[in-house]
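2 protein chains.
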Amino acid sequence: MSTGILGAAGYLPPRVIDNDQVGAWVDRDPDWILERTGIKERHYAAPEVSTSDMACLAVEKLYASCPEKRASVGAVILGTSTPDHNFPSTAAIVQGRMGLGRAFAFDLSAACSGYLFSFVTAHSLLSANPALEEVLVIGADTISKVLYQSDRKTVTVFGDGAAATRVGRVPDGYGLLTHTLITDGCHADYVGQPAGGSRRPLDATTVNARERYMVMHGRKVREYFEEVVPKLIHEVVEQAGVSLDDIDHFVFHQANPQMLADCINAMGIDPAKCPVPGVLSGNTGAASIPLVLSELRAERGDLVVMAAIGSGMTAGAAVLRWY
Amino acid sequence: MSTGILGAAGYLPPRVIDNDQVGAWVDRDPDWILERTGIKERHYAAPEVSTSDMACLAVEKLYASCPEKRASVGAVILGTSTPDHNFPSTAAIVQGRMGLGRAFAFDLSAACSGYLFSFVTAHSLLSANPALEEVLVIGADTISKVLYQSDRKTVTVFGDGAAATRVGRVPDGYGLLTHTLITDGCHADYVGQPAGGSRRPLDATTVNARERYMVMHGRKVREYFEEVVPKLIHEVVEQAGVSLDDIDHFVFHQANPQMLADCINAMGIDPAKCPVPGVLSGNTGAASIPLVLSELRAERGDLVVMAAIGSGMTAGAAVLRWY
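Chains A and B, in that order, give the protein sequences.
Here the first sequence stands for residues 32 to 354, where the numbers follow our numbering.
Here the second sequence stands for residues 32 to 354, where the numbers follow our numbering.
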């Protein structure tokens, strides 16, 4: 038995932020934003909506057509960089609100690679624990809450979203075939939120300063993406004993659709194999990959590559045969 | 092959907070504090010291006697409720500063159960991924930074600390024999930090309010502890096919040494089998269990029980045969 994705459902909050709005915030022409990011719209959660609220809406949608499968959830892993609280975990809150019995729950912090790291972790838990039936793997982020509204590098790119997936066992030959995860902690300063944790706790001084918001060194992130993502994809594809041409669907973290288009082009991948819902949602952090999965038109036997990078820097790639 | 703890090292920051100091903060007699908590001292990190700083000192100590084992680290899992930042993860920062190549790294958020959840996750990663040699599993928290200084319920109990463990394969019959992890998310309000995340982001109003600090419903936590921890221990001991009397060492999360003494007494466990370093460190969150491990005088073949509860509520227990 291997591990597959048995279902996926996404949620985007209703408030749409278009390039006219972002352009006004960052003092740039809307076309300039579209050209550099490939993004037309993002969605922002309302002020009273937290990461768990969006995650619960995605979970409700996931089980709407199979309510009996809630009882199969033995563990909940939630990837996020914007938890409801430092503690308790957002996964525990979702577990409680969704009535998931005593399924053990934890948040996994690996930024935009959070879903892929969580999926591989779920696969390992399932492999090592025969009594565990299914793992509910969620990616959810309300990144809008840590954006500095006039910062072009971040506000043009990020939005909010959540997506939930049923991860469970599939017959041999299907599911996860190969994967690789890496971290380059020496580049931990490329993307982050300087204040608000134990390094620089928020106080009356820091709360009004720039450092409570996300900082991103866009060029360094792009260079890292261009260097690492193709290499990891080639690595997992080779390990799976297939060629790049054999892959039917590429599920990329929607870091920046324009950067993604350049990468796909450089790698010689057919754009028709690469859904880019980020055009209408922006970069939704850990929600980005499962949001792509929630709309993926894959059929049994199709080969699917997932690939992510995120703050840390973290990165990973995986090959699945869709079940 | 199973999974064992191959080494452990702890770090407590040098600043000691005794009951005279805490008594002055919370307006109580020092003896009143000792009687209710069993704690004599806690250690607080300096203002400029973050969770990753303490974690790195524990990691340095862990590999001081076996520097060649750093190269065996394929993954880093860090349990914490007080990360340096919301992103990047504290694990990534430690990975980078300790020069651990491209070992993949993530934080795991399960509060005071964070180490036990991380250990079981490491076991699963090792079981499912033969190429993974060792996992560096860390518990680290600077809880002093989220304490409200006049709150008797929390300031009397918590302190700062970090501990790091080498987790790897051991011969059959040794290492992790049985485990159980649970979450009761319906009790997510028992312990937490209300503001500072996506539920109530810190702003100029909330930063000076009580809600940016930890809140704990002490009685509910005690009732949960008394109900759940003995049950989980009996469960894993029975699963392991041994009796409670066969266990040589009990490694408890040091939630509150006085509460622990009551629990040990009620369960009929010999106190000599239960090291309680929490008397001199308080409740150090996710660091608490690996700090006990770092001082454990276990010999090959000894049976060891680990048991934890934490915000979430999360809880778990495990039986290991020490290698």
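We put the CB at the ideal spot given by N, CA and C, even for glycine.
Counting only beta-carbon atoms, is cysteine 217 of chain B nearer than 8 Å to chain A? Here the question's residue 217 of chain B lines up with position 186 in the second sequence. So, interface residue.
Under the three-state DSSP convention, the category phenylalanine 281 of chain B falls into: Position 250 of the second sequence, counting from 1, holds the residue named residue 281 of chain B. Strand, per DSSP.
Given that a residue counts as buried once 16 or more other Cβ atoms are within 10 Å of its Cβ, and exposed if not, what is serine 96 of chain A? As a first step, residue 96 of chain A must be located in the first sequence, where it is residue number 65. Exposed, by the Cβ-count rule.
Taking the continuous alpha helix (DSSP H) assigned at alanine 83 of chain B, which residues delimit it? Working through the second sequence from its first residue, we reach residue 83 of chain B at position 52. As written in the sequence, residue 83 of chain B is serine, which differs from the alanine given in the question. Where serine 83 of chain B is concerned, the enclosing alpha helix (DSSP H) stretches over 82–95.
Selection of the region 208–232 of chain A by Cβ proximity to chain B, strictly under 9 Å: Look at the region 208–232 of chain A: the residues with a C-beta under 9 Å from a C-beta of chain B are His210, Thr211, Leu212, Ile213, Thr214, Asp215, Gly216, Cys217, His218, Ala219, Asp220, Tyr221, Val222, Gly223, Gln224, Pro225, Ala226, Gly227, Gly228, Ser229, Arg230, Arg231, Pro232.
So with Cβ pairs under 8 Å, would you call glutamine 180 of chain B a contact of chain A? Working through the second sequence from its first residue, we reach residue 180 of chain B at position 149. No - not a single Cβ of chain A is within 8 Å of the one on glutamine 180 of chain B.
Among the residues of its own chain, which have a CB less than 7 Å from the CB of leucine 356 of chain A, if the five just before and after it don't count? In the structure as shown, chain A starts at 32 and stops at 354, and residue 356 of chain A therefore has no counterpart that could be examined.
Top-ranked residue by Cα proximity to arginine 305 of chain B, from B/Arg59, B/Ala339, B/Asn287, B/Phe283: As a position in the second sequence, residue 305 of chain B is number 274, starting the count at 1. The amino acid at residue 305 of chain B is misidentified as arginine; the sequence shows cysteine. It is B/Phe283 whose Cα lies nearest to the Cα of cysteine 305 of chain B.
Enumerate in chain order the residues of its own chain whose CB-to-CB distance from arginine 253 of chain A is below 7 Å, with the five nearest sequence positions on each side excluded. The residue you call residue 253 of chain A lines up with position 222 of the first sequence. Met290.
Minimum C-alpha distance to aspartate 182 of chain B - residue among B/Met247, B/Ala303, B/Val335, B/Gln285: As a first step, residue 182 of chain B must be located in the second sequence, where it is residue number 151. Comparing alpha carbon positions, the residue from B/Met247, B/Ala303, B/Val335, B/Gln285 closest to aspartate 182 of chain B is B/Met247.
Are the CB atoms of serine 112 of chain B and phenylalanine 118 of chain A nearer to each other than 8 Å? Within the second sequence, residue 112 of chain B is the residue found at index 81, counting from 1. Within the first sequence, residue 118 of chain A is the residue found at index 87, counting from 1. Taking the C-beta atoms as reference points, phenylalanine 118 of chain A is found nearer than 8 Å to serine 112 of chain B.
Could you say which of A/Gly110, A/Asp49, A/Val198 lies nearest to alanine 339 of chain A if we only look at CA atoms? Within the first sequence, residue 339 of chain A is the residue found at index 308, counting from 1. With distances taken between CA atoms, alanine 339 of chain A lies nearest to A/Gly110 out of A/Gly110, A/Asp49, A/Val198.
As assigned by DSSP and simplified to three states, the class of serine 140 of chain A: Along the first sequence, read from residue 1 onward, the residue named residue 140 of chain A stands at position 109. Strand.
Looking at the secondary structure, which residues open and close the alpha helix (DSSP H) in which threonine 121 of chain B lies? By one-based count along the second sequence, residue 121 of chain B stands at place 90. Taken as a continuous stretch (DSSP letters only), the alpha helix (DSSP H) holding threonine 121 of chain B covers 121–128.
For a contact meaning CB atoms closer than 8 Å, what does arginine 133 of chain B contact in chain A? Working through the second sequence from its first residue, we reach residue 133 of chain B at position 102. Near arginine 133 of chain B (Cβ distances below 8 Å), the residues of chain A are Ile213, Thr214, Asp215.
When burial is assigned at 16 or more other CB atoms within 10 Å of the CB, is threonine 214 of chain B buried or exposed? Locating residue 214 of chain B in the second sequence gives position 183, where the first residue counts as 1. Burial call: buried.
Could you have a look at glutamate 79 of chain A and say whether DSSP puts it in helix, strand or coil? Along the first sequence, one-based indexing puts residue 79 of chain A at 48. Three-state result, glutamate 79 of chain A: coil.
Residues of the region 232–251 of chain B with Cβ closer than 9 Å to any Cβ of chain A, in chain order: In summary, the residues of the region 232–251 of chain B whose CB is separated from some CB of chain A by less than 9 Å are Pro232, Leu233, Asp234, Ala235, Thr237, Val238, Asn239, Arg243, Met245, in the order they occur in the chain.
Roughly how many angstroms separate the alpha carbons of aspartate 220 of chain A and aspartate 276 of chain B, rounded to a whole number? The count along the first sequence starts at 1 and reaches residue 220 of chain A at position 189. The count along the second sequence starts at 1 and reaches residue 276 of chain B at position 245. Aspartate 276 of chain B has its alpha-carbon roughly 51 Å from the corresponding atom of aspartate 220 of chain A.
Distance CB(threonine 196 of chain A)-CB(valine 168 of chain A) smaller than 8 Å: The residue you call residue 196 of chain A lines up with position 165 of the first sequence. The residue you call residue 168 of chain A lines up with position 137 of the first sequence. Contact flag set, yes.
Can you tell me whether leucine 375 of chain A is helix, strand or coil according to DSSP? Since the displayed chain A opens at 32 and closes at 354, residue 375 of chain A lies outside it and no answer follows.
Counting along the chain, where does the alpha helix (DSSP H) carrying threonine 68 of chain B start and finish? The sequence position of residue 68 of chain B within the second sequence is 37, counting from 1. Per DSSP, the continuous alpha helix (DSSP H) segment holding threonine 68 of chain B begins and ends at 61–68.
Is DSSP giving alanine 303 of chain B helix, strand or coil here? Locating residue 303 of chain B in the second sequence gives position 272, where the first residue counts as 1. Alanine 303 of chain B: helix per DSSP, three-state reduction.
Are there three or more Cβ pairs, one per stretch, closer than 8 Å when the region 123–132 of chain A is compared with the region 236–243 of chain B? No: fewer than three Cβ pairs fall under 8 Å.
Is there at least one Cβ from chain B nearer than 8 Å to asparagine 369 of chain A's Cβ? No answer is possible for residue 369 of chain A: the residues shown for chain A start at 32 and end at 354.
Tell me which residues of the region 263–288 of chain B have at least one Cβ-Cβ distance to chain A shorter than 7 Å, keeping chain order. Only those residues of the region 263–288 of chain B whose C-beta falls short of 7 Å from the nearest C-beta of chain A would be listed, and there are none.
Sequence-distant residues of its chain with Cβ nearer than 8 Å to alanine 292 of chain B (five each side left out): Stepping through the second sequence from its first residue, residue 292 of chain B is reached at position 261. Within the same chain, Cβ atoms closer than 8 Å to the Cβ of alanine 292 of chain B are found at Gly69, Pro302, Val307, the five residues on either side in sequence being excluded.
Same chain, Cβ closer than 7 Å to glycine 206 of chain A, five either side skipped, listed in chain order: Position 175 of the first sequence holds residue 206 of chain A. When the five nearest sequence neighbours on each side are left out, the beta carbons in the same chain lying within less than 7 Å of the beta carbon of glycine 206 of chain A are those of Ser33, Thr34, Gly35, Leu351, Arg352, Tyr354, in order along the chain.
Buried or exposed for alanine 162 of chain A, going by 16 or more other Cβ atoms inside 10 Å? In the first sequence, counting from the first residue as 1, residue 162 of chain A sits at position 131. Burial check for alanine 162 of chain A: the Cβ neighbour count within 10 Å stays below 16, so the residue is exposed.
Tell me the residue span of the alpha helix (DSSP H) that contains leucine 291 of chain B. Translated into the one-based positions of the second sequence, residue 291 of chain B becomes position 260. Membership of leucine 291 of chain B in the alpha helix (DSSP H) is indicated by the continuous run 288–298.
Are serine 144 of chain A and glycine 347 of chain A close, meaning C-beta to C-beta below 8 Å? Locating residue 144 of chain A in the first sequence gives position 113, counting from the first residue. Locating residue 347 of chain A in the first sequence gives position 316, counting from the first residue. With contacts defined by Cβ atoms closer than 8 Å, serine 144 of chain A and glycine 347 of chain A form a contacting pair.
Rounded C-alpha distance that separates methionine 298 of chain B from proline 261 of chain B: Mapped onto the second sequence, residue 298 of chain B falls at position 267. Mapped onto the second sequence, residue 261 of chain B falls at position 230. Straight across, the Cα-Cα distance linking methionine 298 of chain B with proline 261 of chain B is about 7 Å.
Members of the region 81–99 of chain A near chain B, C-beta cut-off 7 Å: Those would be Ser81, Thr82, in chain order.
Hey, is isoleucine 320 of chain B's beta-carbon within less than 8 Å of any beta-carbon in chain A? Position 289 of the second sequence, counted from the start, is the residue given in the question as residue 320 of chain B. Cβ-Cβ to chain A under 8 Å: no for isoleucine 320 of chain B.
Strictly below 7 Å CB to CB, what residues from chain B border lysine 176 of chain A? For the purposes of this step, residue 176 of chain A is identified with residue 145 of the first sequence, where counting begins at 1. Identification of chain B residues near lysine 176 of chain A by a Cβ-Cβ cut-off of 7 Å yields Ser229, Pro232, ordered along the chain.
DSSP three-state label for threonine 173 of chain B, please. Here residue 173 of chain B corresponds to residue number 142 of the second sequence, with the count starting at 1. Of the three classes helix, strand and coil, the one that applies to threonine 173 of chain B here is strand, per DSSP.
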